[in-house]
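What follows is the structure, given as structure tokens:
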């Protein structure tokens, strides 16, 4: 059953081909037997999962036809889950038991979904390789010598290794789309404000957005139908009419105009990745779409702007972890200053400390205008590039990541090289736009991701464009060799 998609599993549950308890136990058995190879989970919740599965079976017996009722999923360990450890991949929160559910976790519970556990991630979502986790790196099921991408690497590896049919994730600068690309999955980051951030531990509040990792666009639509909602507990959540994201998956692409940014095909792009993306463009043209070259002239400023804004917001958000109220506390502090200093020094890893220092510097007196304020001005220019582009095109297409998955340790000593892994994804977060990655080929046996960027609240269109590509190709059906 683990090779089936969420849509297929839902049909099997509703037709009584299998029960939710049986399905959940099947995945729990796979996690117990195989996850030592990938380290994709931080916490597995078998007793809670089976209890939720029993409740789902009762709902199904009464005729509940909710598409996700009885479906086991995994949650990234950035989302608070009542009574279950929520660590954010950090020693700082290793012992933190969340007293409430994040809104999206609550939404899935109401829909009857079953939580298998919490997935591994880069510490506080800071990383592009899942090598910064306090719980150790996650391994890519396509090649266990390689990274799965980050920060949502645990969610991506769990789905790619068939240890969950779908998983929640978060994306601050590419943390859903980049792991999707490196693990051969479909990953969607919705428009900023489309999904509630309440109960999601904050990294950079103006950039963070929850989304999903699945095996195809249809499953992504099913999960987004549950996840998307207005939440008055989140002041950044937009009260926008909801849509059924599965409704228009079958629409023809005839007449669709796809923009190809010239800036996304220059220096730094792996030639084999470029070839795979060019082949995908030909596939879209064969489906009736029109393509045109466009320019996003401020693209080269996205990475430097992001790595001022995100660390600045990180510095402010992580100041709450002080060893006083909750989280890690050092032993036998001499005084309050020693408590703060040692608790934070011991609780945070190197990458988190690096970003806190950069962010604090950028926000300090005398440097705020030169760095943070200037970065926000550049952010507005980047957003304007997209606004002008979408006046002429429906969707923007390009590579998700410059190259396929790289080996462990290849970039850990060079933070700038690691940051450049997100060069094609960061601008989407700065502008608050929806973005999606789907597999479009293999290079040396490793997946290549194709990124689709849509206009504000155009998730339905993005999913339609992705689904039509997946009907015409089989890249999304290819499984990692380790799962065979």
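In this note's numbering, the protein residues as written are 3 to 486. Glycine included, every Cβ here is placed at the ideal spot set by N, Cα and C.
Going along the chain, which residues of its own chain have a beta-carbon closer than 7 Å to the beta-carbon of residue i, five neighbours each way excluded?
{"i": "residue 28", "result": "3 and 4"}
{"i": "residue 285", "result": "471, 474 and 475"}
{"i": "residue 299", "result": "387"}
{"i": "residue 9", "result": "220, 221 and 224"}
{"i": "residue 459", "result": "193, 196 and 242"}
{"i": "residue 392", "result": "457"}
{"i": "residue 16", "result": "62 and 67"}
{"i": "residue 449", "result": "144, 183, 184, 185, 186, 406 and 441"}
Going by DSSP, which residues form a beta bridge with residue i?
{"i": "residue 148", "result": "409"}
{"i": "residue 77", "result": "120"}
{"i": "residue 202", "result": "81"}
{"i": "residue 142", "result": "145"}
{"i": "residue 448", "result": "445"}
{"i": "residue 294", "result": "261"}
{"i": "residue 338", "result": "Note: residue 338 sits in no beta bridge, so no partner."}
{"i": "residue 284", "result": "Answer is none; residue 284 lacks a bridge partner."}
{"i": "residue 329", "result": "DSSP, once it has assigned bridges, lists no residue as partnering residue 329."}
{"i": "residue 188", "result": "216"}
{"i": "residue 170", "result": "214"}
{"i": "residue 43", "result": "121"}
{"i": "residue 86", "result": "83"}
{"i": "residue 454", "result": "399 and 438"}
Do you know offhand how far residue i's Cα is from residue j's?
{"i": "residue 445", "j": "residue 109", "result": "38 Å"}
{"i": "residue 409", "j": "residue 396", "result": "36 Å"}
{"i": "residue 490", "j": "residue 77", "result": "Because residue 490 is not part of the residues shown, which for the chain are 3 to 486, the question remains open."}
{"i": "residue 26", "j": "residue 146", "result": "26 Å"}
{"i": "residue 344", "j": "residue 117", "result": "35 Å"}
{"i": "residue 359", "j": "residue 432", "result": "21 Å"}
{"i": "residue 24", "j": "residue 59", "result": "10 Å"}
{"i": "residue 419", "j": "residue 6", "result": "37 Å"}
{"i": "residue 355", "j": "residue 81", "result": "22 Å"}
{"i": "residue 88", "j": "residue 389", "result": "37 Å"}
{"i": "residue 436", "j": "residue 211", "result": "10 Å"}
{"i": "residue 184", "j": "residue 477", "result": "13 Å"}
{"i": "residue 342", "j": "residue 153", "result": "27 Å"}
{"i": "residue 485", "j": "residue 272", "result": "27 Å"}
{"i": "residue 469", "j": "residue 365", "result": "43 Å"}
{"i": "residue 1", "j": "residue 326", "result": "There is no way to answer for residue 1, as the model of the chain reaches only from 3 to 486."}
{"i": "residue 340", "j": "residue 321", "result": "15 Å"}
{"i": "residue 375", "j": "residue 301", "result": "18 Å"}
{"i": "residue 385", "j": "residue 49", "result": "46 Å"}
{"i": "residue 209", "j": "residue 438", "result": "16 Å"}
{"i": "residue 539", "j": "residue 202", "result": "Nothing in the structure corresponds to residue 539, since the chain is present only between 3 and 486."}
{"i": "residue 357", "j": "residue 316", "result": "7 Å"}
{"i": "residue 308", "j": "residue 107", "result": "28 Å"}
{"i": "residue 180", "j": "residue 134", "result": "16 Å"}
{"i": "residue 38", "j": "residue 148", "result": "15 Å"}
Taking Cβ to Cβ, would you say residue i is nearer than 7 Å to residue j?
{"i": "residue 96", "j": "residue 84", "result": "no"}
{"i": "residue 319", "j": "residue 204", "result": "yes"}
{"i": "residue 159", "j": "residue 167", "result": "no"}
{"i": "residue 198", "j": "residue 121", "result": "no"}
{"i": "residue 349", "j": "residue 94", "result": "yes"}
{"i": "residue 115", "j": "residue 70", "result": "yes"}
{"i": "residue 218", "j": "residue 188", "result": "yes"}
{"i": "residue 282", "j": "residue 442", "result": "yes"}
{"i": "residue 266", "j": "residue 98", "result": "no"}
{"i": "residue 119", "j": "residue 42", "result": "no"}
{"i": "residue 162", "j": "residue 482", "result": "yes"}
{"i": "residue 72", "j": "residue 125", "result": "no"}
{"i": "residue 304", "j": "residue 428", "result": "yes"}
{"i": "residue 33", "j": "residue 165", "result": "yes"}
{"i": "residue 367", "j": "residue 310", "result": "no"}
Within its chain, find whatever has a CB closer than 6 Å to the CB of residue i; leave out the 5 residues flanking it on each side and keep chain order.
{"i": "residue 137", "result": "44 and 122"}
{"i": "residue 306", "result": "none"}
{"i": "residue 238", "result": "195"}
Between which residues of its own chain and residue i is the CB-CB distance below 8 Å, once the five residues before and five after are set aside?
{"i": "residue 213", "result": "170, 171, 172, 173, 178, 189, 190, 191, 192, 197, 226 and 229"}
{"i": "residue 235", "result": "105, 198 and 200"}
Validate contact between the segment 280-297 and the segment 258-265 using beta carbons, cut 8 Å, 3 pairs: yes
Stretch pair the segment 411-422 + the segment 366-384: three plus CB contacts closer than 8 Å: no
Cβ contact check for the segment 419-429 and the segment 169-184: 3 or more pairs under 8 Å: yes
Contact the segment 274-288 vs the segment 396-407: 3+ CB pairs below 8 Å: yes
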